[in-house]
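Engineer:
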Amino acid sequence: MSASKRLCSVPDCTKGVRSKGLCKAHGGGRRCMVDGCEKSGQTMGLCIRHGGGKRCTQPGCSKASQSNGLCKAHGGGLRCQSPGCPKSSQGRGFCRAHGGGRRCEEEGCAMGAQRGGFCARHGGNRRCQQSDCAKLDRGGGFCAEHGGGKRCDHPSCNKPSRKHGKCYDHAKYATKDLLATGEMAVASMPLGMMDLRQVTMPAFELGVERLHVAGQVELGKARGLQAGDSRFSLRPALQAAPVAFHPMRMQAEMRNSSAAEYEQNV
């Protein structure tokens, strides 16, 4: 029998022999050229994880192609059979959320297994491969600080992505740019704070007394703000730090004031 017709010598394996009496999955054929990697070599002598094999055709994606020239994330490969679920199949025709893939070996636990046959709760967390690092693997075998997971999409920045595809610093700068161009409201300030340097005249048209009650602003300073002619010219005393701001109290005060004005006009 020719080598191409012989079956793998591993018990219960029905795959064809590649070399040494073994199929590719059990060690036959060429191995990946990366030191320490025992996976099967694809193109250029590399396994899929290290860059071998076909890549996804989606612009900017370097993941392995599963089918139709696409990786799993972009629609390639088998899909979950659960109605309305677009996720990829992880085993038995379902995604992990719907029962696909390996389950935790802990008795009575139906969560997906992570490493060593157990879910994250029962000790199966994947850890960063960096020596002396005990943080969780965020992707690629490393934690966020050591290069794992998504990175900031700002040009030449390799910091971990934290918010809207950007690192903390570039997300903060983007917010400031939106405030400067008027595309974002002052509500982007931390909860419970309001920077009076960003407040425009329409806010003061509600009346300084109401602003005083709702925002805990000193009444004299608020009157000084109202007396200013320029929309952005504030007294030096108020060009310092933000003051406490309570949105719910402001809304209640506005409702009460509107009701009082209505009764006076009737």
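Numbered per our numbering, the sequence shown spans residues 1009 to 1274. All C-beta atoms in this analysis are idealised placements derived from N, C-alpha and C, irrespective of residue type, glycine included.
1. What separation, rounded to the nearest whole angstrom, lies between the Cα atoms of Cys-1151 and Gln-1074?
2. In chain order, what residues of the same chain lie with their CB nearer than 6 Å to the CB of Lys-1080, ignoring the 5 residues before and after it?
3. Considering only DSSP beta bridges, list what Ser-1048 is partnered with.
4. What are the residues that DSSP puts in a beta bridge with Arg-1135?
5. Please identify the residue among Cys-1088, Arg-1110, Glu-1113 and Cys-1112 whose C-alpha is closest to the C-alpha of Gly-1101.
6. Which one of Cys-1127, Cys-1055 and Arg-1146 has the shortest CA to CA distance from Gly-1116?
7. I'd like to check one pair, Arg-1146 with Gly-1132: are the Cβ atoms closer than 7 Å?
8. Beta-carbon within less than 8 Å of Asp-1161's beta-carbon, same chain only, minus the 5 sequence neighbours each way: which residues are those?
9. Distance, Cα to Cα, Val-1025 vs Lys-1013?
10. Using only the alpha-carbon positions, how far apart do Tyr-1181 and Asn-1166 sit?
11. Under a Cβ-count criterion, where at least 16 other Cβ atoms within 10 Å of its own Cβ denotes burial, should Gly-1108 be classed as buried or exposed?
12. Under 6 Å Cβ to Cβ from His-1254, same chain only, skipping five residues before and after it: list those, please.
13. For Arg-1110, which three-state DSSP category applies?
14. I think Ser-1340 touches Gly-1029, with their Cβ atoms under 8 Å apart; what is that distance to the nearest whole Å?
15. Spatial neighbours of His-1178 within its chain, please: CB distance less than 7 Å, with the 5 preceding and 5 following residues excluded, ordered by chain position.
16. Can you tell me whether Gly-1024 is helix, strand or coil according to DSSP?
17. Roughly how many angstroms separate the alpha carbons of His-1154 and Gly-1084, rounded to a whole number?
18. Is there at least one non-hydrogen atom of the ligand MN closer than 6 Å to the beta-carbon of Leu-1030?
19. For Gly-1171, does the three-state DSSP call read helix, strand or coil?
20. Decide if Gly-1036 is buried, meaning its Cβ has at least 16 other Cβ atoms within 10 Å, or exposed.
21. When DSSP builds the beta bridges, which residues end up paired with Ala-1118?
22. Residues in its own chain within less than 6 Å of Gly-1124 by CB, not counting five upstream and five downstream?
23. Please return the same chain residues whose Cβ sits closer than 7 Å to the Cβ of Cys-1093, not counting the five positions on each side in sequence.
24. Between Gly-1149 and the rest of its own chain, which residues show a CB-CB distance below 6 Å, the 5 nearest in sequence each way excluded?
25. Can you name, in chain order, every residue of its own chain whose Cβ lies under 8 Å from the Cβ of Cys-1069, other than the five neighbours on each side?
Structural biologist: So, from the data block:
1. The residue labelled residue 1151 in the question sits at position 143 within the sequence shown. The residue labelled residue 1074 in the question sits at position 66 within the sequence shown. Each residue's Cα considered, the two are about 26 Å apart.
2. On the sequence shown, position 72 is the one that residue 1080 refers to. So the list reads Gln-1074 and Ser-1096, once near-sequence residues are dropped.
3. Position 40 of the sequence shown, counted from the first residue, corresponds to residue 1048. Arg-1039.
4. Numbered from its first residue, the sequence shown carries residue 1135 at position 127. Arg-1135 is bridged to Leu-1144.
5. Position 93 of the sequence shown, counted from the start, is the residue given in the question as residue 1101. Ranking Cys-1088, Arg-1110, Glu-1113 and Cys-1112 by Cα distance to Gly-1101 puts Cys-1088 first.
6. Counted from its first residue, the sequence shown places residue 1116 at position 108. Of Cys-1127, Cys-1055 and Arg-1146, the residue nearest in Cα terms is Cys-1127.
7. Translated into positions along the sequence shown, residue 1132 becomes position 124. Translated into positions along the sequence shown, residue 1146 becomes position 138. No, Cβ-Cβ distance for Gly-1132 and Arg-1146 is not below 7 Å.
8. Against the sequence shown, residue 1161 aligns to sequence position 153. Cβ neighbours of Asp-1161 beyond the five flanking positions: Ser-1169, Gly-1173 and Lys-1174.
9. As a first step, residue 1025 must be located in the sequence shown, where it is residue number 17. As a first step, residue 1013 must be located in the sequence shown, where it is residue number 5. Their backbone Cα atoms lie some 7 Å apart in a straight line.
10. For the purposes of this step, residue 1181 is taken as residue 173 along the sequence shown, with counting starting at 1. For the purposes of this step, residue 1166 is taken as residue 158 along the sequence shown, with counting starting at 1. Cα to Cα, the separation comes out at about 16 Å.
11. As a working note, residue 1108 is residue 100 in the sequence shown. Buried, because 16 or more other Cβ atoms sit within 10 Å of the Cβ of Gly-1108.
12. Taking the first residue of the sequence shown as 1, we reach residue 1254 at position 246. Summary for His-1254: the model assigns pLDDT 49, below 50, so the residue's position carries little reliability; its value from the coordinates is reported in the next sentence. Nothing listed; no residue qualifies.
13. Mapped onto the sequence shown, residue 1110 falls at position 102. Three-state result, Arg-1110: coil.
14. No statement about residue 1340 is possible, as the shown extent of the chain runs from 1009 to 1274 and does not include it.
15. Position 170 of the sequence shown, counted from the start, is the residue given in the question as residue 1178. For His-1178, where only same-chain residues beyond five positions count, the Cβ hits under 7 Å are Cys-1160, His-1162 and Cys-1165.
16. Start at 1 with the first residue of the sequence shown, and residue 1024 comes out as number 16. Gly-1024 falls in the strand class under three-state DSSP.
17. The residue given as residue 1154 occupies position 146 in the sequence shown. The residue given as residue 1084 occupies position 76 in the sequence shown. Taking the straight line joining both Cα atoms gives about 29 Å.
18. This structure lacks the ligand MN, and indeed carries no ligand of any kind.
19. The residue you call residue 1171 lines up with position 163 of the sequence shown. As written in the sequence, residue 1171 is Lys, which differs from the Gly given in the question. If DSSP states are grouped into helix, strand and coil, Lys-1171 belongs with the strands.
20. The residue given as residue 1036 occupies position 28 in the sequence shown. It counts as buried.
21. For the purposes of this step, residue 1118 is taken as the residue at position 110 of the sequence shown. Answer by DSSP bridge pairing: none, since Ala-1118 is not bridged.
22. Against the sequence shown, residue 1124 aligns to sequence position 116. Answer for Gly-1124: Gly-1132, listed in chain order.
23. The residue you call residue 1093 lines up with position 85 of the sequence shown. Cβ within range, chain order: Cys-1103 and His-1106.
24. As a working note, residue 1149 is residue 141 in the sequence shown. If we look at Gly-1149 and ignore the five residues flanking it on each side, its Cβ neighbours are Gln-1137.
25. Your numbering for residue 1069 matches position 61 in the sequence shown. Cβ neighbours of Cys-1069 beyond the five flanking positions: Arg-1063, Cys-1079, Ala-1081 and His-1082.
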